[in-house]
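Report on the structure given below.
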Amino acid sequence: MPKDTTSHSDTSGSQTTTIPRPPNPWILFRRDVCAQPAFKALYPKAPQHIVSRAISVMWRDASPEVRARYESLAVLAAIEHEKRYPGYKYRP
């Protein structure tokens, strides 16, 4: 059988590892909203495209203060990412 050559973000021995991209403000916002119990109760078993659509409306309607908070968190995450993976460059 041919060996699996797909990239994975885990550290298992025989598979190649990929460095994750630093999270952007939208990803951080989505992560926080999905972690809220009230949101989980509204969308208990919804497919991810439905969840993302609902959160995108929340992001669009978010106040400038909320957006600025997540912009700041993304900058901090990028700094931490640079420390953890020096010289990383996104290559699609």
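The sequence shown begins at 1 in full-length UniProt numbering and counts up one residue at a time. Backbone N, C-alpha and C define an ideal beta-carbon position, used for all residues, glycine too.
Top-ranked residue by Cα proximity to residue i, from the options
i, options, result
"residue 95", "Lys45, Ala77 and Thr17", "The structure shown has nothing for residue 95, since the chain only spans 1 to 92."
"Phe39", "Arg91, Thr18, Ala54 and Glu65", "Ala54"
"residue 163", "Ile27, Thr18, Gln15 and Met58", "Any property of residue 163 remains undetermined from this structure, which presents the chain solely from 1 to 92."
"Pro47", "Pro86, Trp59 and Cys34", "Cys34"
Nonlocal neighbours in the same chain, by C-beta distance under 6 angstroms from residue i, ignoring five residues either side
i, result
"Val51", "Tyr43"
Euclidean distance between Cα positions of residue i and residue j
i, j, result
"Pro86", "Thr17", "16 angstroms"
"Ser63", "Val75", "19 angstroms"
Beta-bridge pairing of residue i - partner residues as DSSP gives them
i, result
"Thr18", "According to DSSP, Thr18 bridges with nothing at all."
Task: At least 3 beta-carbon pairs within less than 8 angstroms: the region 14 to 24 vs the region 81 to 90 - done: yes
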